Structure formats: C-alpha cells, structure tokens
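> I'd like to ask you about the structure that follows.
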Amino acid sequence: MASKAQRTPTGLKIAANLFVVVWLILAAFPFLWTFWGSFKVELDFFSIADWTNALTGKNTEATYGRPFTGAGYHGAWVQEEFWRAVINTFIVCFFVVLTSLTIGTLGGYALSRSGFRYTFWLLIIALIFRAMPPITLVAGYLLPFFEWNLWGILPTTIIVLVAINQPFTLWMLHSFFQNIPKELDESAKVDGCTQFQAFRHVIVPVMWPGVITTGLFSFLLAYNDFAVTSMLLSESNRTMVPEIAAFLGTTYTEGNVMFAVAAVVSATAPLFVLVMFFQRQIVSGLTAGAVKG
Amino acid sequence: MKHRTFFWFFLPTGLAMLLFIAAPIVSVVTQSLFAPHEAVLVTVESCGPFGCREETSIDQDATRELREERPLGRFVGLDIYLDRGHLAFGEVAEAWQNRTSLSDFFKRLGNLPFYRAMAFTLTYTFTVTPLLIALGLMIALAVNRLQAGLKGFVIFFSLLPMIVTPLVGSLILFWMIDSRGVLGSLIQWAANDPNLSLKASTGLTWVMLIVYGVWHSAPFAFVVFYAGLQTLPQDQLEAAQIDGATRWQQVRFVIIPHLMPLVTFVALIQLMDNFRVFEPIVGFNASAHATSLSWIIFNDLSGETRQLSAASATSVMTILGVAILLSPVLVRTWRDFRSKH
Chain A
1 MASKAQRTPT GLKIAANLFV VVWLILAAFP FLWTFWGSFK VELDFFSIAD WTNALTGKNT
61 EATYGRPFTG AGYHGAWVQE EFWRAVINTF IVCFFVVLTS LTIGTLGGYA LSRSGFRYTF
121 WLLIIALIFR AMPPITLVAG YLLPFFEWNL WGILPTTIIV LVAINQPFTL WMLHSFFQNI
181 PKELDESAKV DGCTQFQAFR HVIVPVMWPG VITTGLFSFL LAYNDFAVTS MLLSESNRTM
241 VPEIAAFLGT TYTEGNVMFA VAAVVSATAP LFVLVMFFQR QIVSGLTAGA VKG
Chain S
1001 MKHRTFFWFF LPTGLAMLLF IAAPIVSVVT QSLFAPHEAV LVTVESCGPF GCREETSIDQ
1061 DATRELREER PLGRFVGLDI YLDRGHLAFG EVAEAWQNRT SLSDFFKRLG NLPFYRAMAF
1121 TLTYTFTVTP LLIALGLMIA LAVNRLQAGL KGFVIFFSLL PMIVTPLVGS LILFWMIDSR
1181 GVLGSLIQWA ANDPNLSLKA STGLTWVMLI VYGVWHSAPF AFVVFYAGLQ TLPQDQLEAA
1241 QIDGATRWQQ VRFVIIPHLM PLVTFVALIQ LMDNFRVFEP IVGFNASAHA TSLSWIIFND
1301 LSGETRQLSA ASATSVMTIL GVAILLSPVL VRTWRDFRSK H
C-alpha cells in the first residue's frame, strides 16, 4: 500500500512516462528504420524528394513491382560473398569463447582460492591490461606475425582475441568463484581429492551461471571487435565487422550502399536474438563489477 | 592453495596475457624508438668524355640486406616522439613565438595531427562521460517507477545501442543523419536550410559524434544505476518523506548519495572507454573533421606503407593517457585491498 506521501503527482507521472517513451524511440527507432529500409532501393532509403518514400517504397515498387526487395541482401550475401565473413565470424567467436572460458575458469578459480598476496598483484596487472585499448597493441603484433608468417589467418586472430579477453574474464570469474563457498572444495580435499579433482567434481557442476554470463561478454568482445580483426586478417579471412568497413570503401564509389545496409542489418540480427534470450545474464554481468567495485 | 597448484592453474591464462599483451607492449615501446632504415646510397664517379660526374643511386642489395639483418630499423631515440606527426615541440614553440593572439596559437596547434586528435579525444571524453551519466540516471529513475511487466521490455530495447557493434551502430545513425536520410531531412526542415549537411561542418560533426557516444554508452550507466536503485533502503526514503522532503530533495539527498559509488564506478570505466574512441570516426567517415589517438594509430597501420614506428609512438602515448585515467581506479582498488587485509 502506497501512502499518500509516496503517491506520484499526475504531472510527474506523465512526464516520466513520456521520457521513457522518448528514450525507447531513441534506442529502438534507428534499428527498426534501418531494418525496414534495408528492403528498399537506395532511392527510397536515401530519399531526396520525400522522406515518406522510405516508408512506402515508391521507387522500389517502380523497379521491382513490390514495395519490398531482397536485392540488397542478394547483392551482399551472394555477389559480395558476405556469407564468408559470416562463417569466419562464427568460427572466430566460437573458438574465442571456448578457449577463453577454459583457461579463464582455471585462472579465475586459482585466483579466488589462493590467499597469497601475489593474487592481488596479478589482478591489478589484469586490470591494467583490461584498460589497454587493443589498437595500441596491434603495432606490436605486426612485425613478428609477418616474420613468422602468422599474419592473416584465423587462428592467430583467435589467440590474440582470447588474450585480450583474459583480463576481463579473470575479473568476472574471480569474483564469481569467490561467491561459491570455499567449504565445498575444502571438504572434497579433506576427503582426499587433489585440488584439480575438487575443482572438476565439486566446482564445475555449480559454476555454469557465472561461466555463461562471462561467455556472453567474451562473445560480444570477439563479435564486435574491429581494431584487431581489421588489422590481423587477410582479405579472404575477414570477419563481418571489417568486411562491412571494407564495403564502405567500395560501395560508396559503386553506388551499392544498399549492400552495406543489408550487411549491417545481417550483422545486427544475431545480437538482437542474443539480447532477447540472455537479457538477464547481460544485466547481471554489467552490474556484477559495479556492485563489487 | 599451494604455490605449485596455483602455478599450473594459472599458467595458460598467464601465458596468453604474457605473450599477447605484455610482450606486444614491450615491442611497441621498442619499435617507437627505431625508425625504418634509410635506403643505402652509393656514389659512383663516372668519367666520360666531358669530364667526371658523381652519381648517387640507391644500392638495392645493400638496402635489402640491411633491412633483413635488422628488421627493427635504426635507433633514433625519442626523435619519433618529437617529430611533426607527434609531440612536435619545435612546431609548437614556433607557433607560440609567431602567434598574433591566443586563438591564433590554438589554430596553429590544430594543424598538428597529434594536437588535433588530442583536442577531439579530450573534448569527447569529458563531454560524453558526464552527459551519459546524467541520461543514464534519468532513465533509471523513470524506468524504476514503471510496472513490473513493462520493465523487461524497456530494458530489452535500452540494451540495444550498447550491445550493437560500435561500427554498425554508428553506421546506422550515420545513414539516418545523411542529408538524404530521415533525420538529416528533419534537421534541414527544422533549420529551414535545404543545404545544411552535418558532415560538412567541424562543429556539427563533433556534436554528432558526441550524441552517438552518449547514445551508445547511456544504457550501461542506466543498467548499473537501475541495479543500484533496487538496493535503495526504503526506510531512509520514508524518513525523508516524514521530514517533509520534496520529491527533488529525496532524489538529491537520498537517492544520489546512495548511488554515488556507482556513479564513480561508471565515470571511471567510461573515461577510459571514451578515451579510446575510434569506431564512430570510421563509421561516420568523420576523419576530415575529427580524429582521435586511436584513429591515428589505425590510419598509420593501414594502407600500403605500414608506418610501424609512427603508430608505435602514438600507441605509447595513448597507453600513457590511459594510465593517467586509470590511476584513480588503481588507488581505489589498492585501498579496498588494504582495508580487507
């Protein structure tokens, strides 16, 4: 029961609700608009004559007989072979998440269970590494990678992304493992397990919520990366984001902006699905650091 | 846990960070002290019927040999840091001496790539951060009042600008504010100027990038503050109400102090993240009007000639900048640690 003092005056209620609506439009409208426009021809998407053309698709209808066309998608996926970039992206993301979770869980677990002072310093170093913009490291990679013929291939990029991911993964999993009572694995050790057996049989079964949340953020980092992937991958191995950037260079000159629009929508769709299914984990992951820190 | 066990558990992740973060930093610092070899020149005296002439040509073999022998280049100390592309002390001193006024000095400074990038990077960092905190706080307060059923829906859409790839997000906005796009047309109509283009003016480009930055990062602040509001002690609010605090006073004296640690957290994280602003400049195709340190590195490294030394020097200076912004975080973590042990 809300007391009279807690009841919100109507004016404020309307203002607050209006504000939420405005924010929702700001946040969602650009995506809806671009999604809708990606099924149009360029003259409708960028309309000089009348902005409502983008809604009705007047020129699209004149060209294709229907107000919607998949021409942009066909151009991007088939003609420009965007599907290659999509496959590369999923290879990179899959292996980055798998590797960084495997080694990150071991490291994070060790950091949370060792009481020695050096764990603090390792975490501090990880924090410093976390703050390092990835692009500043790229200049250091290029020379050795060229020398040893490692440049341009997917495995190199995967390892680099795993390493860049580690500081964040360690911090998240460290604080997560600290919330799992020490008594669990201590008692397993009393029963004669080694540290690894205790980890394998006692901790692994209960660690999945934290690991899934951390994995989501690893995925996002690998998926969204532009600096490393654009610098370390050869043209045929490009992932989606550098491929879109490369599209921009060619499409503006050739007048195929709709290819880039279709590619952008294609790259956004998986993230949409991800947020839909894992909204709770993403929110809890974002706040975990804040509430602790 | 024994040292030995800890070592084996930590080895894979430690090795990854050592090889691919620590070693590259060392390598970047080293490279920034070396410049590429100059071509080896040979002077040959060729004597013909009209007397002798000296000809200078590039000794291709010797040049290649030298480059292969020492791929790092020649040691030049801090020269790269001081050249025109970086700190450019010589040019700065000259600009100061030849200045006609203070604004003239800053204009001359703006022609130097490093200071131009620095001006935008710092403006961006220190305008976007407070704005996104304010916006995030307002959204959090407004959403917190909604019914439970609506909250999930609002949070879903609020997360999108942050989750979407920065390059993709900036492209989506860029196409909308194009002079032929829907927002571009709207702005032209509102300003009553059919030739207005956001891309053509430096000031408007900066505003555009800042708006993008706030749009992209406000959801993070919102989510953190929203979580903080869930732990707000109700008795404090009630006490304030009994004391006759107005709604604004409740926000000002109860809610904001409660959220203050989170505000500090968001501010520190965002200062570091905004300092590395890069993708929006590529997405908005804005490099003619706004550059950042990260963009300079990217620009030096891409293209036909990869200017490793120049990029390394900028990288080192970016790392130093991040280190300065990071120091309060480190001090805080250290204090936390001391108080616990």
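Chains A and S, in that order, give the protein sequences.
Here the working numbering is used: position 29 in the first sequence is 29, and no number is missing along the way.
Convert by adding 1000 to the 1-based position in the second sequence; the result is the number in the working numbering.
A virtual CB, placed ideally from N, CA and C, is assigned to each residue, including glycine.
All figures in this text were calculated on a predicted structure; none of them were measured in a lab.
Using a beta-carbon distance below 9 Å, is G152 (chain A) in contact with chain S?
Answer no: the Cβ-Cβ gap between G152 (chain A) and chain S never drops below 9 Å.
> Tell me whether C93 (chain A) is buried or exposed, calling it buried when 16 or more other Cβ atoms sit within 10 Å of its Cβ.
Classification of C93 (chain A): buried, given that the 10 Å Cβ count is 16 or more.
> Would you tell me roughly how many angstroms separate the C-alpha atoms of L1011 (chain S) and E1238 (chain S), rounded to the nearest one?
For L1011 (chain S) and E1238 (chain S), the distance between alpha carbons rounds to 53 Å.
> Would P144 (chain A) pass as an interface residue toward chain S - the criterion being a Cβ-Cβ separation below 9 Å?
P144 (chain A) counts as touching chain S.
> Please confirm if the stretch 223–236 of chain A is in contact with the stretch 147–156 of chain A, defined as three or more CB-CB distances below 8 Å between the two stretches.
They touch, by the three-pair rule.
> Using a Cβ-Cβ distance cut-off of 9 Å, determine whether A76 (chain A) contacts chain S.
By this cut-off, A76 (chain A) is not an interface position.
> Alpha carbons only, please: which of A:T169, A:F116, A:K182, A:M207 is nearest the one belonging to K1002 (chain S)?
With distances taken between Cα atoms, K1002 (chain S) lies closest to A:F116.
> What are the uninterrupted segments assigned as beta strand (DSSP E) that are 3 or more residues long and contained completely in the stretch 1282–1323 of chain S, given in chain order?
Segments of the beta strand (DSSP E) lying fully in the stretch 1282–1323 of chain S: there are none.
> Considering Cα atoms alone, identify which of S:V1254, S:V1223, S:V1224, S:L1204 is closest to D1235 (chain S).
The candidate whose alpha carbon is nearest that of D1235 (chain S) is S:V1254.
> I want to know whether the stretch 1215–1222 of chain S touches the stretch 76–84 of chain A - three or more CB-CB distances under 8 Å.
No: the two stretches stay apart, fewer than three of their Cβ pairs being nearer than 8 Å.
> Run through DSSP, which three-state label would A1035 (chain S) get?
Correct three-state label for A1035 (chain S): strand.
> Can you give me the Cβ contacts of P1280 (chain S) inside the same chain, cut-off strictly under 6 Å, excluding the 5 residues immediately before and after it?
S1170, L1209, Y1212, listed in sequence order.
> Between which two residues does the beta strand (DSSP E) harbouring R1053 (chain S) extend?
Segment 1051–1058, the beta strand (DSSP E) holding R1053 (chain S).
> I want to know whether the stretch 16–25 of chain A touches the stretch 1151–1158 of chain S - three or more CB-CB distances under 8 Å.
Contact between the stretch 16–25 of chain A and the stretch 1151–1158 of chain S is present, because at least three Cβ pairs lie under 8 Å.
> Are there 16 or more other CB atoms within 10 angstroms of the CB of K40 (chain A), so buried, or fewer, so exposed?
With 16 or more other Cβ atoms within 10 Å, it is buried.
> Compute the Euclidean distance between the alpha carbons of M1138 (chain S) and V1207 (chain S), then round it to the nearest angstrom.
Cα to Cα, the separation comes out at about 21 Å.
> Which residue from S:F1020, S:A1286, S:P1328, S:L1033 puts its Cα closest to that of F1075 (chain S)?
With distances taken between Cα atoms, F1075 (chain S) lies closest to S:L1033.
> For N17 (chain A), which residues from the same chain have a beta carbon less than 8 Å from its beta carbon, with the 5 sequence-adjacent residues on both sides left out?
Excluding sequence neighbours, N17 (chain A) sits near nothing in its chain.
> Inspect the beta-carbon positions of S38 (chain A) and A262 (chain A) and report whether they are closer than 9 Å.
Yes.
> Who are the near neighbours of E42 (chain A) in its chain, counting only those whose CB is closer than 6 Å to its CB and skipping five residues on each side?
Closer than 6 Å at Cβ, skipping near neighbours: V257, M258.
> Within the same chain, show all residues whose beta-carbon is closer than 7 Å to that of A198 (chain A), passing over the 5 residues directly before and after it, in chain order.
Contacts found: D185, A188, K189.
> Between which two residues does the beta strand (DSSP E) harbouring T1043 (chain S) extend?
1041–1048 is the span of the beta strand (DSSP E), which, as asked, contains T1043 (chain S).
> Out of curiosity, what's the CA-to-CA distance linking V1097 (chain S) and L1293 (chain S)?
Correcting the residue identity first, residue 1097 (chain S) is Gln in this sequence and not Val. C-alpha separation (whole angstroms): 27 Å.
> Given that T287 (chain A) touches chain S, what residues does it touch there, using C-beta distances under 7 Å?
Ordered by position in chain S, the residues that pass the 7 Å Cβ test against T287 (chain A) are V1223, V1224, A1227.
> Whole angstroms is fine: what's the gap from A1134 (chain S)'s alpha carbon to E1304 (chain S)'s?
One C-alpha to the other measures close to 44 Å.
> Considering only residues of the same chain and omitting the five flanking positions on each side of V138 (chain A), which have a CB-CB separation below 8 Å?
Cβ within range, chain order: A227, V228, M231, L232.
> May I ask you to list the residues that DSSP assigns as paired with R1074 (chain S)?
For R1074 (chain S), which the question treats as bridged, DSSP gives the partners S:A1035.
> Would you mind telling me which residues of chain S sit closer than 7 Å to T89 (chain A), beta carbon to beta carbon, in chain order?
The premise fails here: T89 (chain A) is roughly 11 Å from chain S at the closest Cβ pair, so nothing lies under 7 Å.
> Give the straight-line distance between the Cα atoms of T296 (chain A) and A267 (chain A), rounded to the nearest whole angstrom.
Since the first residue of chain A shown is 1 and the last is 293, residue 296 (chain A) is not available in this structure.
> Looking only at its own chain, which residues have a Cβ that is under 6 Å from the Cβ of F176 (chain A), when we skip the five neighbours before and after it?
Taken in chain order, the residues that qualify are G210.
> Tell me which residue opens and which closes the alpha helix (DSSP H) that E235 (chain A) is part of.
Run containing E235 (chain A): none; DSSP gives neither H nor E here.
> What is the DSSP secondary structure of G104 (chain A), reduced to helix, strand or coil?
Here G104 (chain A) sits in helix by DSSP.
> Using the C-alpha atoms, what's the distance from F1126 (chain S) back to T1318 (chain S)?
One C-alpha to the other measures close to 16 Å.
> If you reduce the DSSP assignment to three classes, tell me which class G1181 (chain S) lands in.
Coil at G1181 (chain S), not helix or strand.
> Within the stretch 171–228 of chain A, note down every full beta strand (DSSP E) run reaching 3 residues or more, in order along the chain.
Taking only runs of at least 3 residues, no beta strand (DSSP E) segment lies wholly in the stretch 171–228 of chain A.
> Please confirm whether P1012 (chain S) has its beta-carbon closer than 9 Å to some beta-carbon of chain A.
Yes, because at least one Cβ of chain A sits closer than 9 Å to the Cβ of P1012 (chain S).
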